[in-house]
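J.: Take the sequence shown: its position 253, counted from the start at 1, is 253 in full-length UniProt numbering, and no numbers get skipped. I have a structure I would like to understand better, so I am pasting it below and will then ask my questions one at a time.
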Amino acid sequence: MSGRVRSIETEHQCQKCKKFFSQKSSLTRHTKRCVLDLPVPIRQKSCSHCANAKARCNLRRPSCSRCTARELPCSYPTSASERSPSPTSSSSSKTPSEYPVPSIEDHHIALPTAQPKQPNDSSIDTVIQRSSPLLPSSALPSLRDQSLLYPVARLPSPTPLTLHSTTQIFLVHRSWVGTMASKTHLPPIIHPRQIPDGIPLDLMGFYLVAKVWTSATAATRPGVTRIAEREMLKFHERYTAGQVGSVRDMVIDLQVFLLYAIIKLFPPDEVVERDVAKEREIFAHLQDVAYQVAKTGLFLPESPHESGEAEDELGDLPSWDTWLLTEAKRRAIIAVYQMAWAWSVRHSFPVFHGRELDFVQAPAAKTLWEAENEEKFAGAWRLDRRKWGAKPYLMGELPWLAMPGNAERDRRTEMWAEDVDDFGMFVLGLRE
1 MSGRVRSIET EHQCQKCKKF FSQKSSLTRH TKRCVLDLPV PIRQKSCSHC ANAKARCNLR
61 RPSCSRCTAR ELPCSYPTSA SERSPSPTSS SSSKTPSEYP VPSIEDHHIA LPTAQPKQPN
121 DSSIDTVIQR SSPLLPSSAL PSLRDQSLLY PVARLPSPTP LTLHSTTQIF LVHRSWVGTM
181 ASKTHLPPII HPRQIPDGIP LDLMGFYLVA KVWTSATAAT RPGVTRIAER EMLKFHERYT
241 AGQVGSVRDM VIDLQVFLLY AIIKLFPPDE VVERDVAKER EIFAHLQDVA YQVAKTGLFL
301 PESPHESGEA EDELGDLPSW DTWLLTEAKR RAIIAVYQMA WAWSVRHSFP VFHGRELDFV
361 QAPAAKTLWE AENEEKFAGA WRLDRRKWGA KPYLMGELPW LAMPGNAERD RRTEMWAEDV
421 DDFGMFVLGL RE
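See the structure below:
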């Protein structure tokens, strides 16, 4: 019996520090930080004086109101290692400074604080309350997955159900390339109104590449892949140099980058020569662009009417173009997470499970996304607001992200599934 227990523990052992974990998910979270010698994320938000006095801190920087009134030096904890330095942290050959990770100070954002899961933590009220401080666009978490950049220990083989979801993502994402080549309609992450004045040059370039890709043979496909790599490198160099256009242009850039990445990262099975290190680099570049786009905001501002009419309780009707652009951003970001998860599972690398998306609104109703004109959009939007009110359905409520056995969450999931389009059903059908 002891041998059996030991064999299970060995499956969940960190290959670097040799620490054992009872759950695979715990090992995955630990590996991402252990491989870079990153400190444990802090949970204290208050400044040091307010924390010691157990007083409420308004978190104002550089000095909170309480410290300002008392003329006290106000300081905030920046890392767990500063509170409890570890003698072994300096012995590593690589330090966090050598592998820079996006920080709150670098990007002026607020990262969500990890909270321990409770049995009823998946209720909609819990999800809304946990995410409500994050609703402003300035509160967006980093999309950068550093474990894709550096060699890490391979994980045990995934379960058949996980492999099924991985294959489903590969097939559906590859179908988007074929959709673009056919020119009959667009993938579900791109809306026709994003290109009202003609097809952007970058998107037109992908049309041509997609057409060649769908008719390519095993001998000619590597050449198309090299073209995709070259175009993705151009995107990343442009964003690294700060040469970005309007928000509309940035969203198109991310969508096109994503489609090029599908060609490179999700090739047909007959393509056996894979440069995994190169693919990791491409993922890092994709996440850089996705991060820049996400910082422009994934939420619509809420500003209720004040005229007193009954319908005004629904809030201000956003412009059709503003709503579509925000929804397109959300769909592209969700697709980036899907790609990263599926690719990591296929190559037995540590994966992240999209917890950063908990507070993001799930794909919108089909009537909203496919509205033919502004009048129909306005009608669909009002119906949607009457249905959901101030609590829209969030990604964190999906069965594969939330805790099982919550009747209220299941009811809301059924309500959401009644209205979604093919992309929403695709998201709902995935399982880990």
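We put the CB at the ideal spot given by N, CA and C, even for glycine. Please read these numbers as outputs of a predicted model, since none were measured by experiment.
(1) Please classify Gln23 as buried or exposed, where buried requires at least 16 other C-beta atoms within 10 Å of its C-beta.
(2) Can you list, in chain order, the residues of its chain with a C-beta nearer than 7 Å to that of Pro192? Leave out the 5 residues immediately preceding and following it.
(3) Just tell me which of Tyr291, Phe20 and Val177 has its CA closest to the CA of His236.
(4) How would you label Ser319, buried or exposed, when you count the other beta carbons within 10 angstroms and need 16 or more for buried?
(5) Let me check one thing: in DSSP terms, what residues is Val420 bridge-paired to?
(6) Spell out a yes or no on whether the region 325–338 and the region 359–366 are touching, meaning 3 or more CB-CB pairs, one atom from each, closer than 8 Å.
(7) In three-state terms, what does DSSP make of Leu265?
(8) Less than 8 Å between the beta carbons of Val224 and Ala216, yes or no?
(9) Closest by CA to Pro338, which one among Trp388, Gly297 and Phe283?
(10) Thinking just about the alpha-carbon of each residue, which of Leu383, Pro188 and Cys14 is nearest to the one in Leu258?
(11) Check whether the Cβ atoms of Ser63 and Cys50 sit closer than 8 Å, and answer yes or no.
(12) Please go through the same chain and pick out, in chain order, the residues whose beta-carbon is closer than 7 Å to the beta-carbon of Phe426, but skip the five residues on each side of it.
(13) Have a look at Val212, Met250 and Arg274 and flag the residue whose alpha-carbon is nearest the alpha-carbon of Lys295.
(14) If you drop the 5 nearest sequence neighbours on each side, which residues of the same chain put their C-beta closer than 8 Å to that of Thr413?
(15) Provide the residue span of the alpha helix (DSSP H) that contains Thr68, from first to last.
(16) Among residues of its own chain, excluding the 5 on either side of Arg221, which ones have a beta-carbon nearer than 8 Å to its beta-carbon?
(17) Using the Cβ count rule (16 or more neighbours within 10 Å means buried), how would you classify Asp422?
(18) Which residues mark the beginning and the end of the alpha helix (DSSP H) in which Gln287 is found?
(19) Please classify Leu59: is it buried, with 16 or more other beta-carbons within 10 angstroms of its beta-carbon, or exposed?
(20) Leaving out five residues before and five after Tyr260 in sequence, what residues of the same chain have Cβ atoms less than 6 Å from its Cβ?
(21) Does the beta carbon of Val427 fall short of 7 Å from some heavy atom of the ligand GTP?
(22) State buried or exposed for Pro350, treating a residue as buried only when at least 16 other CB atoms are found within 10 Å of its CB.
(23) Provide the residue span of the alpha helix (DSSP H) that contains Ala51, from first to last.
(24) Using the three-state DSSP reduction, which class does Phe257 fall into: helix, strand or coil?
(25) Let me know if Tyr76 comes out buried or exposed under the rule of 16 or more other beta-carbons within 10 Å of its beta-carbon.
(26) Return helix, strand or coil for Leu394, following the three-state DSSP convention.
(27) For Ser25, does the count of other Cβ atoms within 10 angstroms reach 16, so buried, or fall short, so exposed?
T.: For this structure:
(1) Indexing the sequence shown from 1 puts residue 23 at position 23. Classification of Gln23: exposed, given that the 10 Å Cβ count is below 16.
(2) In the sequence shown, residue 192 corresponds to position 192, counting from 1. These residues qualify, in order along the chain: Leu186.
(3) As a working mapping, residue 236 is identified with position 236 in the sequence shown. Ranking the options by Cα distance to His236, first place goes to Tyr291.
(4) The count along the sequence shown starts at 1 and reaches residue 319 at position 319. By the neighbour-count rule (16 or more Cβ atoms within 10 Å), Ser319 is not buried but exposed.
(5) The count along the sequence shown starts at 1 and reaches residue 420 at position 420. DSSP output for Val420 lists Ala365 as bridge partner(s).
(6) yes
(7) Along the sequence shown, read from residue 1 onward, the residue named residue 265 stands at position 265. Of the three classes helix, strand and coil, the one that applies to Leu265 here is helix, per DSSP.
(8) For the purposes of this step, residue 224 is identified with residue 224 of the sequence shown, where counting begins at 1. For the purposes of this step, residue 216 is identified with residue 216 of the sequence shown, where counting begins at 1. It is a contact, given that the beta carbons lie within the stated cut-off.
(9) Start at 1 with the first residue of the sequence shown, and residue 338 comes out as number 338. For clarity, residue 338 is Gln in the given sequence; the question names Pro instead. Of the listed residues, the one whose Cα sits closest to Gln338 is Phe283.
(10) Here residue 258 corresponds to residue number 258 of the sequence shown, with the count starting at 1. Check the Cα spacing between Leu258 and each of Leu383, Pro188 and Cys14: the tightest is with Pro188.
(11) The residue labelled residue 63 in the question sits at position 63 within the sequence shown. The residue labelled residue 50 in the question sits at position 50 within the sequence shown. Against a cut-off of 8 Å, the Cβ pair of Cys50 and Ser63 comes out as no contact.
(12) The residue you call residue 426 lines up with position 426 of the sequence shown. Excluding positions up to five away in sequence, the list reads Val172.
(13) By one-based count along the sequence shown, residue 295 stands at place 295. Comparing Cα-Cα distances from Lys295 to each of Val212, Met250 and Arg274, the minimum goes to Met250.
(14) Locating residue 413 in the sequence shown gives position 413, where the first residue counts as 1. Tyr393, Glu397, Leu398, Pro399 and Leu428, listed in sequence order.
(15) Locating residue 68 in the sequence shown gives position 68, where the first residue counts as 1. Run containing Thr68: Ser65 to Ala69, per the alpha helix (DSSP H) assignment.
(16) As a working mapping, residue 221 is identified with position 221 in the sequence shown. Trp213, Pro267, Pro268 and Val271.
(17) By one-based count along the sequence shown, residue 422 stands at place 422. A residue is called buried once 16 or more other Cβ atoms fall within 10 Å of its Cβ, and Asp422, having fewer, is exposed.
(18) Numbered from 1 along the sequence shown, position 287 holds the residue referred to as residue 287. Element bounds for Gln287: Val276 to Ala294.
(19) Within the sequence shown, numbered from 1, the residue matching residue 59 stands at position 59. Leu59 counts as exposed, since fewer than 16 other C-beta atoms from the protein chains shown sit within 10 angstroms of its C-beta.
(20) Counted from its first residue, the sequence shown places residue 260 at position 260. So the qualifying residues of the chain are Ala228, Glu231 and Met232.
(21) Among the components modelled here there is no ligand, and therefore nothing to report on the ligand GTP.
(22) In the sequence shown, residue 350 corresponds to position 350, counting from 1. By the Cβ neighbour-count rule, Pro350 is buried, with 16 or more other Cβ atoms within 10 Å of its own.
(23) In the sequence shown, residue 51 corresponds to position 51, counting from 1. That run of the alpha helix (DSSP H) goes Ser48 to Ala53.
(24) Residue 257 sits at position 257 when you count from the first residue of the sequence shown. Three-state result, Phe257: helix.
(25) Numbered from its first residue, the sequence shown carries residue 76 at position 76. So Tyr76 counts as buried.
(26) In the sequence shown, counting from the first residue as 1, residue 394 sits at position 394. If DSSP states are grouped into helix, strand and coil, Leu394 belongs with the strands.
(27) For the purposes of this step, residue 25 is taken as residue 25 along the sequence shown, with counting starting at 1. Classification of Ser25: exposed, given that the 10 Å Cβ count is below 16.
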